[in-house]
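Numbering follows the numbering used here, in which position 61 of the sequence shown is assigned residue number 89; successive positions increment by one, without gaps. Even for Gly, the Cβ is constructed at its ideal location relative to N, Cα and C. Some notes on the structure that comes next.
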Amino acid sequence: MLFSFRHSLFISTPLLIFSIIGFTFLFKDTYTNNKKKEAYHNTIFLILLVLAFLSQLYINSIIVRDWWAGDSFGARRFAGLMFIFVLGFSYFLNKIRTKKIRYFVYFIFAILVFLNILYNIEYNLLIISRSEPITYLEIVKALTIVKQKIPPI
29 MLFSFRHSLF ISTPLLIFSI IGFTFLFKDT YTNNKKKEAY HNTIFLILLV
79 LAFLSQLYIN SIIVRDWWAG DSFGARRFAG LMFIFVLGFS YFLNKIRTKK
129 IRYFVYFIFA ILVFLNILYN IEYNLLIISR SEPITYLEIV KALTIVKQKI
179 PPI
């Protein structure tokens, strides 16, 4: 459900991995902070976010029969949690201090966004399977078929 090649959360939207890294930074900063009141509020906030994520994960994995949401694109069943991931993602971006590292991270983001757009195009053109697991290697291999199907401008 999280790392499967069948419409999972982190495979269909790999930028969310940086959100998890951002939450680990937030968790670490919360416990190294000397202000006890602020650390207490951040801890409660983090616990609530983790509980929201775990409850959604539980619902998708135990209660729902098709956690991959049929033939929908991406991890549709986690769409309601995107506001949580945005918080971790923004904290991750805020922690990057040097320009070299920031540009490297932006480069990684660009590659991941390109792969995701390519995945979306191939999915919509029915080049890749909508119901079977698909790997990034198959997405890149199908790029030649995408060139043939898209009309020239």
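Distance CB(residue i)-CB(residue j) smaller than 7 Å
| i | j | result |
| --- | --- | --- |
| Ile156 | Ala170 | yes |
| Ser36 | Phe117 | no |
| Asp99 | Ser159 | yes |
| Leu146 | Ile129 | no |
| Thr60 | Asn70 | no |
From the options, residue whose alpha carbon lies closest to that of residue i
| i | options | result |
| --- | --- | --- |
| Phe120 | Ser32, Asn144, Thr52 | Thr52 |
| Tyr151 | Leu82, Asn122, Ser40, Lys127 | Ser40 |
| Leu43 | Thr163, Ile162, Leu140, Leu165 | Leu140 |
| Asn144 | Tyr164, Thr126, Tyr134, Leu154 | Tyr164 |
| Phe20 | Leu153, Ile45, Arg34, Val78 | A question about residue 20 goes unanswered here, because the residues of the chain that appear run from 29 up to 181. |
| Met29 | Thr126, Val133, Phe106 | Phe106 |
DSSP state of residue i mapped onto helix, strand, coil
| i | result |
| --- | --- |
| Arg34 | coil |
| Phe137 | helix |
| Asp57 | helix |
| Ser47 | helix |
| Gly102 | coil |
| Arg125 | coil |
| Lys63 | coil |
| Met110 | helix |
The ligand PLP heavy atom lying under 6 Å from the CB of residue i
| i | result |
| --- | --- |
| Phe31 | Looking for the ligand PLP in the displayed structure turns up nothing, as the structure carries no ligands at all. |
Would you check if there are 3 or more beta carbon pairs closer than 8 Å linking the region 87-95 to the region 110-120?
no
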